[in-house]
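There are 2 protein chains.
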Amino acid sequence: MVVKQTPTMEDYLERLLMLQAENKPATVTEISRMMCVKMPTVVYAMKKLSEQNLVEYNKRSPIKLTRKGKRWGANVFRRHEALRHFLVEILNVDPDIAAEDACKMEHFLSPVSLERLSKFLDFVLKCPRGKPEWLEGLAYYFEKGERSEELLARCQRGG
Amino acid sequence: MVVKQTPTMEDYLERLLMLQAENKPATVTEISRMMCVKMPTVVYAMKKLSEQNLVEYNKRSPIKLTRKGKRWGANVFRRHEALRHFLVEILNVDPDIAAEDACKMEHFLSPVSLERLSKFLDFVLKCPRGKPEWLEGLAYYFEKGERSEELLARCQRGG
DNA sequence: CTCCTTTATTAGAGACATCTAATTAGAGAG
DNA sequence: CTCTCTAATTAGATGTCTCTAATAAAGGAG
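Have a look at this one:
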């Protein structure tokens, strides 16, 4: 019965899912390259994960996520994407930095917060009437350091 | 020359700052209680931090942050607060959960993202014309699972 | 088949952060 | 001063994740 994974293990699960999604074989070498760790580290991790039935690991053959591992990886990925999108789309953070931050923070976003963050993004970015004006105002504020009088006026006209 | 702290050490610095702010003496026992670790763990941490001149630690006397340690702690706190506020004020996450999530994620928020997040919160919560309407719409969306037609219409009147 | 190269694994060590158990220091009661 | 209690420290162990160095397996070139 698995109830928790360390951030490290979650990273491996997420990476395995990515590889699978791209139809790349998940080899020790490949994972090691992508995660910037040495091969023995990967072997250690795969053994750990297979003890928990999150991956199917047989020496010298490509690694496969189990159904359980896939679910877990997908979950990590959702958290990653929610955070990354928020940073990029709302906060206008540089995509590389956003990805890095998301990659670290993803392990600590609780289910409730994830759900809210996702809904927030939907609310803002999938508004049936197009992107809300305040997003523009926010971008202006980021850039100039002050609020756009014009947008401020327009945005509040209806309030 | 200190360039980085582990999340753990950042937590101690933050906690020390809190104690100081409340004028409570920072003893091993107190820190141990507050951080839910045993006393030897605290001693270990204080030794580590004092090696880096982040705290003044002399056996059997109250622990003090150095100027450097204070700065670092304050920085952690800023990240904590930005995240917590976002979760509470924007995403309406339960305050306890928000605090927990913030406490974990705070260690991984880059300076750029912090700056943007803080500005975002200012922009939204310190709007000179009061809280923007879309926040209400968002709360509605969280609660009902769908957009409020009324607010949608009003919010867009000016766009 | 033998040699070489690449890939993977094992063995062993180290950093970090935690614990338990044992010890020491200090403070207050008598 | 001695006894006792609490606070603090030391010693030693553990789990996680990483590394390097050494070894093993597998696949191709000849």
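Heads up: the sequence lines are chains A and B, in that order.
Read in order, the letters of the first sequence are residues 1 to 159 in our numbering.
Read in order, the letters of the second sequence are residues 1 to 159 in our numbering.
All residues carry an ideal CB built from backbone N, CA and C; glycine is no exception.
Nearest to residue i (by Cα), restricted to the options the options
i	options	result
residue 34 (chain A)	A:110, A:11, A:53	A:11
residue 97 (chain B)	A:95, A:88, A:108	A:108
residue 25 (chain B)	B:64, B:137, B:112	B:64
residue 6 (chain A)	A:125, A:81, A:23, A:76	A:76
residue 144 (chain A)	B:126, B:143, B:140, B:116	B:116
residue 83 (chain B)	B:94, B:140, B:99	B:99
residue 93 (chain A)	B:120, B:44, B:45	B:120
residue 79 (chain A)	A:95, A:91, A:103	A:103
residue 91 (chain A)	A:136, A:59, A:52	A:136
Beta-carbon spacing of residue i, residue j below 7 Å
i	j	result
residue 105 (chain A)	residue 105 (chain B)	yes
residue 73 (chain A)	residue 14 (chain A)	yes
residue 56 (chain B)	residue 66 (chain B)	yes
residue 118 (chain B)	residue 101 (chain A)	no
residue 86 (chain B)	residue 138 (chain A)	no
residue 134 (chain A)	residue 111 (chain B)	no
residue 49 (chain A)	residue 89 (chain A)	no
Short CB-CB distance (under 7 Å) between residue i and chain A
i	result
residue 138 (chain B)	yes
residue 63 (chain B)	no
residue 35 (chain B)	no
residue 77 (chain B)	no
residue 104 (chain B)	yes
residue 141 (chain B)	yes
residue 3 (chain B)	no
residue 118 (chain B)	no
Proximity test, Cβ basis, 7 Å: residue i and chain B
i	result
residue 31 (chain A)	no
residue 159 (chain A)	Note that residue 159 (chain A) scores a pLDDT of 36, beneath 50, so its modelled location is shaky; the value from the coordinates is reported in the next line. True, the Cβ-Cβ gap to chain B drops below 7 Å.
residue 88 (chain A)	no
residue 101 (chain A)	yes
residue 135 (chain A)	no
residue 114 (chain A)	no
residue 50 (chain A)	no
residue 28 (chain A)	no
residue 132 (chain A)	yes
residue 91 (chain A)	yes
Assigned exposure category for residue i - 16 Cβ within 10 Å defines buried
i	result
residue 61 (chain A)	exposed
residue 9 (chain A)	buried
residue 146 (chain A)	exposed
residue 130 (chain B)	exposed
residue 39 (chain A)	exposed
residue 128 (chain A)	exposed
residue 3 (chain A)	exposed
residue 21 (chain A)	exposed
residue 141 (chain B)	buried
Residues bridged to residue i (per DSSP)
i	result
residue 55 (chain A)	A:65
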